[in-house]
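Chains A and B, in that order, are what the protein sequence lines are. The opening position of the first sequence corresponds to residue -13 in the numbering used here, with each subsequent residue numbered one higher. The opening position of the second sequence corresponds to residue -13 in the numbering used here, with each subsequent residue numbered one higher. Backbone N, C-alpha and C define an ideal beta-carbon position, used for all residues, glycine too.
Number of protein chains: 2
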Amino acid sequence: MKTDLLLSSFASLLFGQLCLAQTNETAAEDFKPSSLNQPNKQYPQVNSERRVRARVVAPQATNVAFQFLGGSTYPLTKGEDGAWVGVTQPQDEGFHYYQLVIDGAQVPDPGTLYFYGGSRWGSAVEVPAKDQDFYALKDVPHGQLRQVFFHSKSTTTNLRCFVYTPPDYEKEISKRYPVLYLQHGGGEDETGWGSQGFTPFIMDNLIAAGKARPFIIVMANSYVPGASFGFAATNQPPPTDSRYSQTIGGPGGRNYNPAAFARVLIEDLVPHIDVNFRTLADQSNRAMAGLSMGGMQTRAIAPANLDKFSHIGVFSGGSLAVTNIADMTTFKEKVKLVFVSYGSRENGAAGKANVEALNQAGIKSVFYESPNTAHEWLTWRRSLREFAPLLFRD
Amino acid sequence: MKTDLLLSSFASLLFGQLCLAQTNETAAEDFKPSSLNQPNKQYPQVNSERRVRARVVAPQATNVAFQFLGGSTYPLTKGEDGAWVGVTQPQDEGFHYYQLVIDGAQVPDPGTLYFYGGSRWGSAVEVPAKDQDFYALKDVPHGQLRQVFFHSKSTTTNLRCFVYTPPDYEKEISKRYPVLYLQHGGGEDETGWGSQGFTPFIMDNLIAAGKARPFIIVMANSYVPGASFGFAATNQPPPTDSRYSQTIGGPGGRNYNPAAFARVLIEDLVPHIDVNFRTLADQSNRAMAGLSMGGMQTRAIAPANLDKFSHIGVFSGGSLAVTNIADMTTFKEKVKLVFVSYGSRENGAAGKANVEALNQAGIKSVFYESPNTAHEWLTWRRSLREFAPLLFRD
């Protein structure tokens, strides 16, 4: 035991920011496999104290750690069976990206499913939330999550997006639906909302309960091929190897450029969706929302395109101040809803104040705070749950 | 150079079955990132000699190897920058599962996208095939790949499948389509054909070229929850934690049981598809095919359900002998096509002979051999390319 602590202290010198791994003796012994594990994989596990227990077999390694993305690092301890084990401090409920560090190699945990975040496909663990029922797969009618390729004139490539269609879409053959364009965060991609965001289950459950109107959700990639970082497009050409930007898991060679994404969205994607899906193709039936970077994009793109969008959602991505709205008359006429949300562990004070000011200016606005969560997916799953029922009600 | 060889020889004692890593000096220096890499990841790479060059940063490791699933292991060599590098012998064209072994830990390569095979989500590398154009993403009308959940009465769970709908499905609102049920191989799942199988691109390209009739493809998971290995169902209960069998990446707690899968397919899935998609819901418009284990399932299920299926495809999964057909009169009346394929590096002699015998018995049968491939996905992509144009022509 003392040796373990000494080893941990030594390891902390090597790894920098470190938390001491909790020994198994003091953690509640009700660990269960994370719901995001691969089939039949027992680790990582989570207990009732919201601690994560990791385990990886690495018999010849000298140093193994568990590292939350942008968070704490926990050294693991080697057992006689060649497996390294460790327990973290209690975590917030919800979804957490992490990686293993094995003798300096940053690798995914072979026990988990993989998710795109932090600009890489990697591991994640789910700490069960008390309200997890709202994003559970239930015996209700299910919508479909569809992989869709669309041609982008502005980038001369074929790009991928995902489209959620509600449960009755295939049965109500002549019915048309409103559309929400829903963007991921920085370092994530078009798979985020459909996978770790649980968008299909959240919507299926809301619709089955009569809480949300059935509508289509389109999830695209905010990173546009050939666009450089920053707010001005450059003359950097698109990738010359077209296959390199067209692999199944997500195009490569992309950078964040809101102007470039706005062109793809307005000129390529919206028209493609309106031609290939049974949409209500007018401004009053089109919303845009996003989380973090996607929220910033929404704040930039939707107000500049009020002929296209009527409902605006910004999740952990800032807010709209009255003073930033250039033409208040048009904004009041066109915008049916401004929704702003934050996790309670983020600083949402300015967002809340801005929402109040918008309401006083006569613009219907709603602020939501997710209890006991930070800049993480449980905040955004809940934000979608709160936002969706407010859409397309006018 | 001599030191490298000595180290490699020493490493071979540790790793068992080993191939000597080719040094960079003797490999053609035209390496390019594999098309299955994550965005902006440069490794693994493949050169014109079909060699794979791997690289992973693991500064404190003492032993790092590149290991093809079920194939050779190549020790990597540490450079002064803390990165381990190595080059494999030339590989067959196509898709190859592999993993990294870092000081004994079997982990995915952080450079690649991940694919389900070998009963785990892990890495793969693509050696460009001379005929890769047939499964490339092109400027043609694209179908959709849809994630669909269906309720399974026989297992009392909600199961996931993927459904490919052809490009005109959303535009020809009253048109109905034939359906192919297409199964993955052992250790794989319902994601295989849509991801590493490139089914959507293969079909989009065949349909655009007028080579295949547009039809729907349904890809389910052959492993049924609560069913044990073997040909007889047991009384093993389904997993009690329903969330554990319902995660995005694939249900857990499953085992292979052809009888259990046949029940799911015939009693749950086919009815669900016929209600929720615009199918031509009769025997003459329904096909079943599969690769390897999926081919064995097809040989077991389709001939036993000739009121349901008219076209049969078996890829690298054995073949149908005339002597195994119990009721030849019914078989001849009901079966419009038997298709059998193998890679040229597999032993397809019996399959070819059986196809000839079936033809002589008056049953339309086709044999296809994929040049220079083994029991791998390029064999099966090509098999689909050859099989699809033959379907639903009567």
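Which residues in chain A have a C-beta closer than 8 angstroms to the C-beta of residue i? List them in chain order.
| i | result |
| --- | --- |
| residue 44 (chain B) | 88, 89, 90, 91 |
| residue 134 (chain B) | 128, 130 |
| residue 47 (chain B) | 47, 88, 89, 90, 91 |
| residue 172 (chain B) | Neighbours of residue 172 (chain B) on chain A: none; closest Cβ ~14 angstroms, over 8 angstroms. |
Out of curiosity, what's the CA-to-CA distance linking residue i and residue j?
| i | j | result |
| --- | --- | --- |
| residue 94 (chain A) | residue 252 (chain A) | 36 angstroms |
| residue 63 (chain A) | residue 161 (chain A) | 58 angstroms |
| residue 237 (chain A) | residue 177 (chain A) | Interpretation of residue 237 (chain A) is limited by its pLDDT of 37, a score under 50 that renders its predicted location unreliable; no figure is taken from the coordinates. |
| residue 23 (chain A) | residue 338 (chain A) | 37 angstroms |
| residue 142 (chain A) | residue 209 (chain A) | 15 angstroms |
| residue 14 (chain A) | residue 96 (chain A) | 25 angstroms |
| residue 31 (chain A) | residue 340 (chain A) | 41 angstroms |
| residue 150 (chain A) | residue 266 (chain A) | 15 angstroms |
| residue 375 (chain B) | residue 323 (chain B) | 12 angstroms |
| residue 185 (chain B) | residue 90 (chain A) | 38 angstroms |
| residue 26 (chain B) | residue 122 (chain B) | 20 angstroms |
| residue 88 (chain A) | residue 206 (chain A) | 34 angstroms |
| residue 365 (chain A) | residue 359 (chain A) | 6 angstroms |
| residue 126 (chain B) | residue 116 (chain B) | 21 angstroms |
| residue 342 (chain B) | residue 77 (chain B) | 32 angstroms |
| residue 246 (chain B) | residue 43 (chain A) | 34 angstroms |
| residue 195 (chain B) | residue 110 (chain A) | 42 angstroms |
| residue 86 (chain A) | residue 179 (chain A) | 24 angstroms |
| residue 371 (chain A) | residue 188 (chain B) | 38 angstroms |
| residue 285 (chain B) | residue 291 (chain B) | 10 angstroms |
| residue 167 (chain B) | residue 298 (chain B) | 10 angstroms |
| residue 169 (chain B) | residue 281 (chain B) | 7 angstroms |
| residue 331 (chain A) | residue 276 (chain A) | 19 angstroms |
| residue 199 (chain B) | residue 377 (chain B) | 8 angstroms |
| residue 319 (chain A) | residue 155 (chain A) | 31 angstroms |
| residue 311 (chain B) | residue 289 (chain B) | 8 angstroms |
| residue 68 (chain B) | residue 12 (chain A) | 37 angstroms |
Can you check which of these residues, the options, is closest to residue i by C-alpha distance?
| i | options | result |
| --- | --- | --- |
| residue 183 (chain A) | A:148, A:291, A:332 | A:148 |
| residue 268 (chain B) | B:317, B:257, B:355 | B:257 |
| residue 333 (chain A) | A:342, A:320, A:355 | A:355 |
| residue 293 (chain A) | A:316, A:75, A:308, A:310 | A:316 |
| residue 344 (chain B) | B:128, B:21, B:290, B:306 | B:306 |
| residue 202 (chain B) | B:274, B:174, B:196 | B:274 |
| residue 261 (chain B) | B:136, B:102, B:43, B:67 | B:136 |
| residue 175 (chain B) | B:104, B:311, B:314, B:73 | B:104 |
| residue 41 (chain B) | B:60, B:319, B:373 | B:60 |
| residue 84 (chain A) | A:52, A:154, A:119, A:120 | A:52 |
| residue 36 (chain B) | B:69, B:68, B:67, B:82 | B:82 |
| residue 75 (chain B) | B:200, B:318, B:34, B:153 | B:34 |
| residue 211 (chain B) | B:146, B:193, B:199 | B:146 |
| residue 379 (chain A) | A:296, A:57, A:346, A:118 | A:296 |
| residue 144 (chain B) | A:119, A:124, A:368, A:144 | A:124 |
| residue 28 (chain A) | A:58, A:138, A:98 | A:98 |
| residue 120 (chain A) | A:197, A:163, A:283 | A:197 |
Do residue i and residue j have their CB atoms nearer than 7 angstroms?
| i | j | result |
| --- | --- | --- |
| residue 17 (chain A) | residue 39 (chain A) | yes |
| residue 264 (chain A) | residue 140 (chain A) | no |
| residue 171 (chain B) | residue 362 (chain B) | no |
| residue 328 (chain B) | residue 351 (chain B) | no |
| residue 321 (chain A) | residue 287 (chain A) | no |
| residue 326 (chain A) | residue 308 (chain A) | no |
| residue 153 (chain A) | residue 173 (chain A) | no |
| residue 382 (chain B) | residue 133 (chain A) | No information on residue 382 (chain B) is available, as it lies outside the stretch -13 to 380 that chain B covers here. |
| residue 107 (chain B) | residue 100 (chain A) | yes |
Just to check my reading of the structure: residue i and residue j have Cβ atoms closer than 8 angstroms, yes? What is that Cβ distance to the nearest angstrom?
| i | j | result |
| --- | --- | --- |
| residue 191 (chain B) | residue 46 (chain A) | 47 angstroms between Cβ atoms; not a contact. |
| residue 20 (chain A) | residue 112 (chain A) | 5 angstroms |
| residue 65 (chain A) | residue 71 (chain A) | 6 angstroms |
| residue 271 (chain A) | residue 204 (chain A) | That belief does not hold up - the Cβ atoms of residue 271 (chain A) and residue 204 (chain A) are roughly 13 angstroms apart, past 8 angstroms. |
Could you list which residues in chain B have their beta carbon closer than 7 angstroms to that of residue i, in chain order?
| i | result |
| --- | --- |
| residue 107 (chain A) | 24, 99, 100 |
| residue 200 (chain A) | Those within 7 angstroms of residue 200 (chain A) in chain B number zero; the least Cβ separation is about 15 angstroms. |
For residue i, return the contacting residues in chain D, with the cut-off set at a CB-CB distance below 8 angstroms.
| i | result |
| --- | --- |
| residue 125 (chain A) | The structure shown has no chain D; the protein chains it does contain are A and B. |
For a contact defined as C-beta to C-beta under 9 angstroms, what are the partners of residue i on chain A?
| i | result |
| --- | --- |
| residue 66 (chain B) | Ordered by position in chain A, no residue passes the 9 angstroms Cβ test against residue 66 (chain B), which lies about 14 angstroms from the chain. |
Counting only Cβ pairs nearer than 7 angstroms, list the residues of chain A close to residue i.
| i | result |
| --- | --- |
| residue 159 (chain B) | 159 |
| residue 94 (chain B) | 93, 94, 96 |
Would you mind telling me which residues of chain B sit closer than 8 angstroms to residue i, beta carbon to beta carbon, in chain order?
| i | result |
| --- | --- |
| residue 262 (chain A) | 156, 157 |
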